[in-house]
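Chains A and B are the protein sequences, given in the same order. Read in order, the letters of the first sequence correspond to residues 89 to 259 in my numbering. Read in order, the letters of the second sequence correspond to residues 89 to 259 in my numbering. All C-beta atoms in this analysis are idealised placements derived from N, C-alpha and C, irrespective of residue type, glycine included. Right, one structure below, let's go through it.
There are 2 protein chains.
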Amino acid sequence: MKEIVANARAPFGSVYHFFPGGKEQLGAETVRRSGAECGRLLPLVLDAHPDLVEAVRAFFALAAQDLVEANYEDACPIATVALETSSTSEILRQACADVFEDWIELGSERVAAAGIPRDAARNLTIAMIAMLEGAFVLCRATRTTEALIVSGQWCAKMAEAAMPASRRTGN
Amino acid sequence: MKEIVANARAPFGSVYHFFPGGKEQLGAETVRRSGAECGRLLPLVLDAHPDLVEAVRAFFALAAQDLVEANYEDACPIATVALETSSTSEILRQACADVFEDWIELGSERVAAAGIPRDAARNLTIAMIAMLEGAFVLCRATRTTEALIVSGQWCAKMAEAAMPASRRTGN
DNA sequence: GTCTATAGAAGGATAGAC
DNA sequence: GTCTATCCTTCTATAGAC
């Protein structure tokens, strides 16, 4: 907390003026805010690639590139908090859960727009988010991008398989 | 540390007698030990199901069941440590990396035994571990098993797709 | 070689001056 | 309503008695 306040060049007491709930409230709001920020990345990448399979490939490639550029220090800002706090703080757990549900909803919409039925779209999106999050864990631990590369390839295949035959481009 | 020592009914100083490296060393050895323990679960489940696709299904179903029984409090003992410490402790990061590499190697052997070429076996195993780890993150945050269920279905499909046509059982 | 008692730092939170 | 100074707790680690 002291580090955060110093970094913000604010007096220490201000934290408790603006965040009466203290550390937990500040954490929860940070999760929601950075979660929404990450969520905005999704349409950004997807809209640049009209083909869903290409978009998935691009997304994982970008994730791998960002991870290396961040020296393997920053990946998903939510996952760490989710694992650390889900059993000890209902407020923080709920914030993480809401962010994940938003991402699933956001992704599902785009996936469905590619011609995949609503339920299948949700399932595909959940699987891709799970694979992305898990790959981040493996990559940060090993300091390699192998898991992200491999995961991207599989997710592209999954997207391909979920597409209705009529809309496949053969990527 | 105090909690651990108290739980072990040991005097506090003993920690630093047996683990001169303090918290970091104790953590690293815990990661390696519980990682190996989890690793032993893999052959246990896989050997009970001679068909790889069935084994994958069983593994995810078991993971979901265990998670619910643990009230969503315990999932993977390595992932949390990996995310929390990879940027701040080289010793702990390396311990997590070694565990993950062991799991990949262990899994690859079994997958390869189902008739999948060595490289494809490694890629499939990495993808499945990533999806499992990511699903744990989502499930613990949402306190639902949806992500694990969905991930299990996709991993079964992935295993199916990776099998040589001659060995497919049509599961 | 085992353990107790405590050091020394960092943690989060608050009281009360302005 | 803003901020400073400080409180109390908790943390990891160690010194030194036995």
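Checklist entry - Should Asn159 of chain B go down as buried or exposed, given a rule of 16 or more other Cβ atoms within 10 Å for buried? => result exposed
Next on the checklist: Three Cβ pairs or more, each shorter than 8 Å: is that satisfied between the segment 175-182 of chain A and the segment 191-206 of chain B?
Outcome noted: no
Checklist entry - When Cβ atoms are compared, which residues of the segment 231-245 of chain B fall closer than 8 Å to chain A? => result Arg231, Glu234, Ala235, Val238, Ser239, Gln241, Trp242, Lys245
Item to check | Whole-number beta carbon distance between Ala218 of chain B and Ala223 of chain A, since they are thought to touch under 8 Å | outcome: 4 Å
Next on the checklist: Within the continuous alpha helix (DSSP H) that includes Gly203 of chain A, where are the two ends?
Outcome noted: First-last for Gly203 of chain A: undefined, no H or E at that position.
Item to check | Cutoff 8 Å; reference Cys227 of chain A; Cβ partners in own chain excluding five residues on either side | outcome: Ala152, Leu155, Tyr160, Ala163, Thr233, Glu234, Ala235, Leu236
Checklist entry - Nearest CA to the CA of Ser221 of chain A: which residue from B:Asp135, B:Ala170, B:Gly123, B:Pro99? => result The sequence given here places Glu at residue 221 of chain A; Ser does not occur at that position. Considering only alpha carbons, the answer is B:Ala170.
Checklist entry - Quick one, which of A:Val144, A:Leu180, A:Cys126 has its alpha-carbon nearest Glu117 of chain A's? => result A:Leu180
Checklist entry - Closer than 7 Å, CB to CB, is Met251 of chain B near chain A or not? => result no
Item to check | Contacting positions in the segment 189-201 of chain A - beta carbon closer than 8 Å to chain B | outcome: Glu189
Item to check | Arg228 of chain A: contacting residues in chain B (beta-carbon distance under 7 Å) | outcome: Ala170, Leu171, Ser174
Next on the checklist: Among B:Glu157, B:Arg255, B:Arg120, B:Thr230, whose alpha-carbon lies nearest the alpha-carbon of Asp190 of chain B?
Outcome noted: B:Arg120
Checklist entry - Where does Arg231 of chain A sit, in a helix, a strand or coil, going by DSSP? => result coil
Checklist entry - Any idea what DSSP makes of Ala94 of chain B, helix, strand or coil? => result helix
Checklist entry - Taking Cβ to Cβ, would you say Gly123 of chain B is nearer than 7 Å to Val187 of chain B? => result yes
Checklist entry - Given a limit of 9 Å on CB to CB distance, which residues of the segment 137-163 of chain A reach chain B? => result Asn159, Tyr160, Glu161, Asp162, Ala163
Checklist entry - In chain order, what residues of the same chain have a beta carbon less than 7 Å from the beta carbon of Leu212 of chain A, not counting five sequence neighbours either side? => result Val199, Ile204, Met246, Ala247, Ala250
Item to check | Residue-level contact to chain A via CB, Cys184 of chain B, 7 Å cutoff | outcome: yes
Next on the checklist: Distance cutoff 7 Å, beta carbons only. Does Asn95 of chain A sit that close to anything in chain B?
Outcome noted: no
Item to check | Completely contained alpha helix (DSSP H) runs for the segment 98-131 of chain B, where each covers 4 or more residues | outcome: 101-106
Checklist entry - Can you name, in chain order, every residue of its own chain whose Cβ lies under 7 Å from the Cβ of Arg210 of chain B, other than the five neighbours on each side? => result Ile192, Ser196
Checklist entry - So with Cβ pairs under 7 Å, would you call Gly258 of chain B a contact of chain A? => result no
Item to check | Residue range of the alpha helix (DSSP H) that includes Arg145 of chain B | outcome: 140-157
Item to check | Under the three-state DSSP convention, the category Thr176 of chain B falls into | outcome: coil
Checklist entry - Distance, Cα to Cα, His137 of chain B vs Ala143 of chain B? => result 5 Å
Checklist entry - In chain A, which residues lie with their C-beta within 7 Å of the C-beta of Met219 of chain B? => result Ala215, Ala218, Met219, Gly222
Item to check | Of the listed residues A:Ala167, A:Cys126, A:Gly101, nearest to Leu194 of chain A (C-alpha basis) | outcome: A:Cys126
Checklist entry - What residues in the segment 96-128 of chain A have a beta carbon less than 8 Å from any beta carbon of chain B? => result none
Next on the checklist: List, in chain order, every chain B residue whose beta-carbon is nearer than 7 Å to that of Ala167 of chain A.
Outcome noted: Leu171, Val225
Item to check | Interface flag, Asp181 of chain A vs chain B, CB-CB below 7 Å | outcome: Rather than Asp, the amino acid found at residue 181 of chain A in this sequence is Arg. Cβ-Cβ to chain B under 7 Å: yes for Arg181 of chain A.
Item to check | Counted within 10 angstroms of its Cβ, other Cβ atoms place Ala98 of chain A as buried (16 or more) or exposed | outcome: exposed
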